[in-house]
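Please read the structure below before turning to the comments.
Residue numbers (the working numbering), protein chains in the order written: chain C, 1 to 229; chain A, 1 to 405.
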């Protein structure tokens, strides 16, 4: 089943007199349960592409259709709700809320969704157990290692039961042990919850785990390959 | 996680900064409260002095007397008017007066004076006249003697036991003349009053001016001038033509103007103080927002509505303003309480000026509730105005830009 349909997506930045085409007419679909990596060198447009996919950066033209709705036709308010209910985000710098504990960070998005407290508590516990951090539920991000923070970020991204998770360079700040461990955990979550994972990365270790690799350069798709893993 | 709890925790992510900002508000509120208390303390002393000295907090007289202060516009105090005064909540005392001008003579010297007929006991309750007796004795009920102000007595060369002749025009043009023994010499703090006052019992005065049972005014006292608006409201409602009632500020507009001018000066000082406090709060909020730009972007990215984010930042701003303000208010209470009971004594020219105005030479402080709550209200309003900025920032945040911050 198609989760995301992208039609002729373009993004042009006006930097003075020069127009930079960061994304130049990408059309691609993503299926439910995919574990895909968007790869390419720095400046190839992968982060811009991911941001447009996630409803964070408005495209110059083109369509991003998720669950039958073109997200860029939604009002600003509806778009925020749409992101909350359909998209999970994992950022390069973890971006957890520093004043909240690991548990509260995971619970935060469910609270925004209006989920009852009891249900929230159970799901938080379940997700932190799934990412191997049940014993750090009451620790604030400052007391966690980079790898542990990124695991909490993954648990947070999964908390709202999104259709897909967008992870922008999630391993860039991690050492190789933490990277391997995080990728294994994400692959497990992908299988367990059948949630689509889309990475923007140039980390070989992520590419080695991905079952689909979409190469981008100069804002265009160079190749789109699938692997059995 | 409630927004309020999250805001509170955000406040303490940089404890030192929050404490420094709160301390600046704390000291701002303390100084401002002290300044306001000192200002209003001195106004209270001034008003109490003027009011208790002569005019009372309010006076009832006829409309004609207000226009033309002649004895012909005096009135008889009827039961109805007396009942109105007695039944008015907040009126503590009242005293009848009959005032008119006459020539005072002794031997070969004559001078124009203001003769004031009083009920000695009531007048003393209202204006404490007895304490100004410098020599001799105070008047008793139906006393036949007179009290003469010290400079007037010197001018007329009269002393205790001497005779003073009063000569003038009485009610409806009747000739007024009488001889009176000087029973006491009054020494007021004000040189102006010392030059012209002659006090006598009201019955004696009514007899002199052939104005039996008549008064020119009824002087009203209340507990303090904060009670006056309520009392005036009641009196103005009940007292109708041909009578009228006026409060001390209507009777002494020049004193009101002086206080208003002084208030304006104080306001400028306080405005500068609050401007500094305001910029202190604003600086902190500005820093808090700019260093958390990415975090705020993440919150909106994962699903927090901008209005909710604005609410969160609004609470944070409000907390910052409130901590220092509340601490400042609590801190200022014992300080002001101390100075309220132990006013600072003044020396030199300042003391001399106050003595000449009839005020004891002390720097007085006020403990009126508004001295405190007006500061809290000001800080609250300043904080509300500053809070517009973070709310605006939250409502206009661009997620993709914030995430790159």
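We put the beta carbon where it would ideally sit given N, CA and C, even for glycine. Owing to the predicted nature of the structure, the values given are computational and were not obtained by experimental measurement.
Contacts that residue 170/C makes with chain A (C-beta to C-beta distance below 7 Å): Chain-order list of chain A residues neighbouring residue 170/C: empty, with the shortest C-beta distance near 14 Å, by a criterion of under 7 Å.
Any chain C beta carbon closer than 9 Å to residue 304/A: Yes, its Cβ sits closer than 9 Å to a Cβ of chain C.
In the structure shown, what three-state DSSP assignment does residue 399/A receive? Reduced to three states, the DSSP call for residue 399/A is helix.
By a C-beta neighbour count over all protein chains shown, 10 Å radius and 16 as the cutoff for buried, is residue 222/C buried or exposed? Classification for residue 222/C: exposed.
Check the C-beta distance from residue 222/A over to residue 328/A and give it rounded, since I have them as a contact under 8 Å. Their Cβ separation, rounded to whole angstroms, is 32 Å, which puts residue 222/A and residue 328/A out of contact at 8 Å.
Cβ neighbours of residue 59/A in the same chain (closer than 8 Å, five flanking residues each side left out): Closer than 8 Å at Cβ, skipping near neighbours: 217, 218, 219, 220, 245, 246, 251.
With a CB to CB cut of under 7 Å and the five nearest residues on each side skipped, what residues in its chain are close to residue 97/C? Contacts found: 105, 108.
Could you work out which residue in 194/A, 167/A, 125/A is closest to residue 424/A when comparing CA atoms only? Any property of residue 424/A remains undetermined from this structure, which presents chain A solely from 1 to 405.
Spatial neighbours of residue 259/A within its chain, please: CB distance less than 6 Å, with the 5 preceding and 5 following residues excluded, ordered by chain position. Only residues of its own chain outside the window of five on either side were considered, and among them 43 have a CB closer than 6 Å to the CB of residue 259/A, listed in chain order.
What residue from 80/A, 103/A, 117/A has the CA that sits closest to residue 97/A's CA? When only C-alpha atoms are compared, the closest one is 117/A.
Closest by CA to residue 85/C, which one among 303/A, 163/A, 323/A? The shortest C-alpha separation from residue 85/C is found at 303/A.
Listed from N- to C-terminal order along the chain, which residues in the segment 91-105 of chain C have their beta-carbon within a distance smaller than 9 Å of any beta-carbon of chain A? Taking a C-beta cut-off of 9 Å against chain A, the contacting residues of the segment 91-105 of chain C are 91, 93, 95, 96, 97, 98, 99, 100, 104, listed in chain order.
Buried or exposed by the 16-neighbour rule on C-beta atoms within 10 Å, applied to residue 154/C: Residue 154/C counts as buried, since no fewer than 16 other beta carbons sit within 10 angstroms of its beta carbon.
In chain order, what residues of the same chain lie with their CB nearer than 8 Å to the CB of residue 242/A, ignoring the 5 residues before and after it? Excluding positions up to five away in sequence, the list reads 62, 63, 64, 75.
Quick test of the definition: if touching needs 3 or more C-beta pairs under 8 Å, does the segment 30-43 of chain C touch the segment 207-216 of chain C? Touching, per the Cβ criterion.
Exposed unless 16 or more other CB atoms sit within 10 angstroms - verdict on residue 101/C: That one is buried.
Are the segment 265-283 of chain A and the segment 365-385 of chain A in contact at 8 Å, needing three or more beta carbon pairs? Segments in contact, yes.
Chain C beta carbons: is any one of them nearer than 9 Å to that of residue 9/A? Chain C contact via Cβ: present.
Mind checking if residue 57/C is an interface residue toward chain A, Cβ cutoff 9 Å exclusive? So, interface residue.
Secondary structure at residue 26/C, three-state DSSP: helix, strand or coil? When DSSP states are grouped into helix, strand and coil, residue 26/C belongs to the strand group.
Can you find a C-beta in chain C that's less than 9 Å from the C-beta of residue 301/A? Yes - at least one Cβ of chain C is within 9 Å of the one on residue 301/A.
Across the segment 53-62 of chain C and the segment 117-136 of chain C, are there enough close Cβ pairs to call them in contact, namely three or more that are closer than 8 Å? The segment 53-62 of chain C vs the segment 117-136 of chain C: no contact.
Rounding to the nearest angstrom, what Cα-Cα distance links residue 187/C and residue 13/C in this structure? Using only the alpha carbons, I get a separation of about 35 Å.
Taking just the CA atoms, how far does residue 42/C sit from residue 174/C? In a straight line, the C-alpha of residue 174/C is about 18 Å away from that of residue 42/C.
Is the distance from the Cβ of residue 49/A to the Cβ of residue 323/A below 9 Å? In this structure, residue 323/A does not lie closer than 9 Å to residue 49/A by Cβ.
Does residue 173/C get closer than 9 Å to chain A when you measure Cβ to Cβ? Not a single C-beta of chain A is nearer than 9 Å to the C-beta of residue 173/C.
In chain order, what residues of the same chain have a beta carbon less than 7 Å from the beta carbon of residue 132/A, not counting five sequence neighbours either side? Only 186, 187, 188 meet the Cβ criterion.
Could you tell me whether the segment 1-10 of chain A touches the segment 308-319 of chain A, where touching means 3 or more Cβ pairs closer than 8 Å? Touching, per the Cβ criterion.
Any Cβ of chain A within less than 9 Å of the Cβ of residue 76/C? So, interface residue.
What are the complete alpha helix (DSSP H) segments, minimum 4 residues, inside the segment 316-371 of chain A? Under the rule that a run must span 4 or more residues, the alpha helix (DSSP H) segments found entirely inside the segment 316-371 of chain A read 348-356.
Counting only beta-carbon separations shorter than 9 Å, does residue 160/C have a partner in chain A? Taking CB atoms only, residue 160/C has a neighbour in chain A less than 9 Å away.
Where does residue 33/A land, buried or exposed, given buried means 16+ other C-beta within 10 angstroms? Result: buried.
Hey, residue 159/A and residue 138/A: beta-carbon distance below 9 Å or not? Contact check for residue 159/A against residue 138/A fails: the beta carbons are separated by 9 Å or more.
Between the C-alpha atoms of residue 345/A and residue 366/A, what's the straight-line distance to the nearest angstrom? Looking at the two C-alpha atoms, the distance is approximately 15 Å.
Quick one: Cα of residue 170/C to Cα of residue 284/A, how far? Near 32 Å, if we compare the C-alpha coordinates of residue 284/A and residue 170/C.
Anyone know if the C-beta pair for residue 41/A and residue 364/A falls short of 9 Å? Yes. Within cutoff.
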